[in-house]
Structure formats: C-alpha cells, structure tokens
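Input: a single structure, listed below in structure tokens.
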Amino acid sequence: MSETGIGVALSGGGYRATLFSLGALWRLNEMGILGKVKTITSVSGGSITAGFLACNWDLLNFDSRTGVAGNFPEIIAHPLIQFCSENLDVGSVLKGLLSFKDTIGDKVAKSYDKKLFKGRLLNCISKNAPLFIFYGTNFQTGGSIRFSQKYISDWRLGINKNTAIPMSKVVGISSAFPPVLSPVTLKVNPADWEKTDISSSHDVVRLKSKLLLTDGGLYDNLGLEAVTKINKEYSHVICCDAGAPLEIKANIATNWAGQFLRMTDIMINQQRALRKRKLISDFENTENQFSGTYLGIGTAINDYKYADSMAKDSEITAALSKISTRLKAFSHHDTYRLINWGYALSDTAVQRWCPELVGQGTHVNSRQWPFIDYKL
Numbered sequence: 001m002s003e004t005g006i007g008v009a010l011s012g013g014g015y016r017a018t019l020f021s022l023g024a025l026w027r028l029n030e031m032g033i034l035g036k037v038k039t040i041t042s043v044s045g046g047s048i049t050a051g052f053l054a055c056n057w058d059l060l061n062f063d064s065r066t067g068v069a070g071n072f073p074e075i076i077a078h079p080l081i082q083f084c085s086e087n088l089d090v091g092s093v094l095k096g097l098l099s100f101k102d103t104i105g106d107k108v109a110k111s112y113d114k115k116l117f118k119g120r121l122l123n124c125i126s127k128n129a130p131l132f133i134f135y136g137t138n139f140q141t142g143g144s145i146r147f148s149q150k151y152i153s154d155w156r157l158g159i160n161k162n163t164a165i166p167m168s169k170v171v172g173i174s175s176a177f178p179p180v181l182s183p184v185t186l187k188v189n190p191a192d193w194e195k196t197d198i199s200s201s202h203d204v205v206r207l208k209s210k211l212l213l214t215d216g217g218l219y220d221n222l223g224l225e226a227v228t229k230i231n232k233e234y235s236h237v238i239c240c241d242a243g244a245p246l247e248i249k250a251n252i253a254t255n256w257a258g259q260f261l262r263m264t265d266i267m268i269n270q271q272r273a274l275r276k277r278k279l280i281s282d283f284e285n286t287e288n289q290f291s292g293t294y295l296g297i298g299t300a301i302n303d304y305k306y307a308d309s310m311a312k313d314s315e316i317t318a319a320l321s322k323i324s325t326r327l328k329a330f331s332h333h334d335t336y337r338l339i340n341w342g343y344a345l346s347d348t349a350v351q352r353w354c355p356e357l358v359g360q361g362t363h364v365n366s367r368q369w370p371f372i373d374y375k376l
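Position 70 (the sequence shown) corresponds to 70 in UniProt numbering; numbering is contiguous.
Structure (structure tokens):
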C-alpha cells in the first residue's frame, strides 16, 4: 500500500448509503485511487460497504501499472448488491422483540453474519489492506468508539487490542440506529483495556466488560474525525456523504411525538452540516496540509462546474437523496441509480478538486456507467 496518505470517509444512511458509497468506491478504483488509500472510515450503512471491502481486500487484483482492481465488480459490487436485496430491519425487529437473549440490534448483526460476513473477524483483515475504522457510539460513556483491525478505542476507557470480534457485530454496532435497532451489546474482557493519559473512566470495570453500543452517526455522522483531526497524516481526504438532506415542511405535527421526530432530524442535519462546513474550511485553509473533495447524495453536480461530468442534475438525481433510510430492499431502478449516482459524483468531485490523485494509464475518459440502462 502506498504512503500517499489518502483518507476516505463513508457516511451512514441505511442501504442508501451502502449502495451510494459502493458506486463512489467503484469509480475510485477505476481511477487507480482505491489501492493507494491509507485509511477508510465508516459509519452505519457505509460500514456495510467498508466491512465487506475489508474482508475481501486480498481477493482484489490490483494491476501493478494502473493500480486498478479489474475484479472489483465481481468480488465487491455484485455480492453487496445481492445483499441489499434482502429485507433485514422488520424481520430483525420482530425477532428481537420475541427474544429473551438478544436485542433487536443483536439480531441485525446476526443477519449480517449469515448473509454477508460468514463468520469473519475484525482481526482477519489483511495486512495489505488500508486501516479500516468503523465508528460506533457508546451509550454509557457518551463518546465515540472506534473499531479497527488494530484496536478498539473509547477515549474514556482506553485502548483494547483484542480485536477478535465478528465483523458482523462491528458493522451491526455501527449501523444500530436508535431507538429501534439498538443497542448492540458487546462483552469483552475488562483486563484487555489499556489505560491512556486521558481515559478518565478506565477504572470502572462495568464499563469495560459489557458495552451498550449504538450507531456511530450519533457522534460523527460523516466519519471524519479520524482522518481530519491529525491532518499531518493525510495528503487528501475524500468524504462520501449519503445522508438525506433535511426536508423543508410547511406543516409540522406539533404533538410531542411529532416534535421529537422533527427535533431529531434537525439535530442530525445540523451535526452533518457543521462537520461538512469544517471539512470545506479545512480544504480552503492554505495552512492545512491536506486537500481533497466532498461528494454528497444531495449535491448538485452542476455546482462543481466540471464540464465533463457524466450526469446533469434532474428530478431523478434529486429524488435519490429522499430514498428511505432503511435496511430494506429497493427497486432495481433505485438500486442501480444510487450506484450510478455515487459513481458519477465521485468521478466529478475527484476530477474537479484533486485530479492529481488519478493514476497514470487509468484511461479516465473510458469511464462507463456501472449500469448503463440506468444512466443519469
């Protein structure tokens, strides 16, 4: 793996995020960028894509000249598309409600294992792969918890280097959107936690033995903190955001339930907006040592002012950001258009703002829609 220091962050958003980020990574691979990435961080639905990519990294055949893995569609894309044709959320809710042992989130994680990860563990990720960081949120400490092939970390608890954890459990934690799909329980040996200078709750044994965890998006819904906080480690950051933009509504239910739901939507939207603005500010600040690009599912592709964009803004592209945040199968139209939209935005965003990343000999102009019948 190259030491160019490229960081890629994949946001949440259910299957919508899984498919949108798949399209973005598909194009990054064709541009010879994927094989040079140092770190991939992910949240929620983006973690489904990242987790499957991590588990199968060694099966990708990267060309020594172009850096392109020609078998990306068959190894990564097609199995993920098949997985996203499964309905998981409703069945998991019903099973979880009837279970005396597992939470609903635990049932979702078990479905991930049965249908996608097949017993693979976090620590089995290849040494040749980038560092994969999966974000969760710790209900007990109120902080972010990170899972990678090297460690588990919660700044209040410390560092835990025992990463023999099912990948399905890790992705289940990252995508356990509350209150329905969470929490996911994680039992670990409290002795495995190493104290750090800032781990203020390290001595509370109960916090280190049975963790109650939920969606990483509660704390960092773009998964950016690890690749932007210490910016000397990265020359470029690419942020792929599949979060649904806040819907403007003239009529709002003012009962308690309606206000609570609207309040939650506003807070989530504001957190995403703050992190996005900080990222763009970092790109524009000449004192920073990294550049990069942002692509969002609700982005107007025309705003990039890139003459050779594959797509134009339309009612179809605008509707893609409004697809539900569910672990529920979409129509073929929505599935293939989400992938194509991620692919087209990735192409435009990189070519416009960091064309220096594109590998030599990758034949940029020979790009093709992943699904030509659903081009945008």
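Even for Gly, the Cβ is constructed at its ideal location relative to N, Cα and C.
Computed from a predicted structure; not experimentally measured.
If I measure Cβ to Cβ from N61 and keep anything under 7 angstroms in the same chain, skipping five residues before and after, which residues do I get?
Around N61: A69, G70, N71.
Have a look at T228 and L327 and give me their C-alpha separation to the nearest angstrom.
Distance between the alpha carbons of T228 and L327: 29 angstroms.
First through last residue of the beta strand (DSSP E) which encompasses A9
Note, A9: beta strand (DSSP E), 6-10.
Quick check on N160: does DSSP put it in helix, strand or coil?
Correct three-state label for N160: strand.
State the start and end residues of the unbroken alpha helix (DSSP H) segment that holds S174.
That run of the alpha helix (DSSP H) goes 167-174.
Where do the ends of the alpha helix (DSSP H) carrying F283 lie?
Note, F283: alpha helix (DSSP H), 256-284.
Supposed contact pair S174 and G119 - C-beta distance, whole angstroms, cut 8 angstroms
Not confirmed; about 18 angstroms, so no contact.
Ends of the alpha helix (DSSP H) at G46?
G46 -> alpha helix (DSSP H) spans 45-55.
Measuring CB to CB, does G298 end up less than 8 angstroms from I238?
Cβ distance not < 8 angstroms, so G298 and I238 don't count as in contact.
Following the continuous alpha helix (DSSP H) through G296, name the residue where it begins and the one where it ends.
Segment 291-296 is the beta strand (DSSP E) holding G296; no alpha helix (DSSP H) there.
Could you give the DSSP three-state label for W26: helix, strand or coil?
Reduced to three states, the DSSP call for W26 is helix.
Count the other C-beta atoms from every protein chain shown that fall within 10 angstroms of the C-beta of E284, then say buried if there are 16 or more, exposed otherwise.
E284 counts as exposed, since fewer than 16 other C-beta atoms from the protein chains shown sit within 10 angstroms of its C-beta.
Counted within 10 angstroms of its Cβ, other Cβ atoms place M267 as buried (16 or more) or exposed
An exposed status is given to M267, since fewer than 16 other beta-carbon atoms sit within 10 Å of its beta-carbon.
Run through DSSP, which three-state label would W369 get?
Coil, per DSSP.
Would you call S111 buried or exposed, if buried means 16 or more other Cβ atoms sit within 10 Å of its Cβ?
By the 10 Å Cβ count, S111 comes out buried.
Short of 7 angstroms in beta carbon distance, which residues of its chain neighbour P183, apart from the five on each side in sequence? Order them along the chain.
Closer than 7 angstroms at the Cβ level, and outside the excluded window around P183, lie T103, G105, F139, A176, L212, L213, T214.
From the DSSP secondary-structure annotation, give me the bridge partner or partners of E287.
DSSP lists no beta-bridge partner residue for E287.
Between which two residues does the beta strand (DSSP E) holding R146 run?
According to the DSSP assignment, R146 belongs to the beta strand (DSSP E) that extends over 144-147.
Proximity below 8 angstroms, CB of L295 to CB of A24:
Yes, the pair counts as a contact, with Cβ atoms nearer than the cut-off.
Within 10 Å of its beta-carbon, does Q289 have 16 or more other beta-carbons around it, so buried, or fewer, so exposed?
Classification of Q289: exposed, given that the 10 Å Cβ count is below 16.
Run through the DSSP bridge pairs and tell me what T39 is partnered with.
In the DSSP output, where bridge partners are listed per residue, T39 has G7, L131.
Along the chain, where does the alpha helix (DSSP H) that runs through H78 open and close?
Per DSSP, H78 belongs to the alpha helix (DSSP H) from 78-83.
Over the uninterrupted alpha helix (DSSP H) stretch that includes D106, give me the two end residues.
Here the alpha helix (DSSP H) through D106 covers 104-112.
What residues match up with I75 in a beta bridge as DSSP calls it?
The secondary-structure analysis by DSSP pairs I75 with nothing; it has no beta-bridge partner.
Distance check for E287 and V108, CA to CA, integer angstroms please.
So the alpha carbons of these two residues sit roughly 44 angstroms apart.
Leaving aside the five residues before and after S2 along the sequence, list all residues of the same chain whose C-beta is less than 6 angstroms from its C-beta, in chain order.
Per-residue confidence for S2 stands at a pLDDT of 41, beneath the threshold of 50, marking its modelled position as unreliable; the derived number appears in the next sentence. Excluding positions up to five away in sequence, the list reads K36.
Assuming contact is defined by CB atoms lying nearer than 8 angstroms, are A242 and R16 in contact in what I supplied?
Remark: C-beta atoms of A242 and R16 approach each other more closely than 8 angstroms.
Any contact of the stretch 151-168 with the stretch 76-83, i.e. 3+ C-beta pairs under 8 angstroms?
Two segments are said to touch when three or more pairs of C-beta atoms, one from each, lie closer than 8 angstroms; by this definition the stretch 151-168 does not touch the stretch 76-83.
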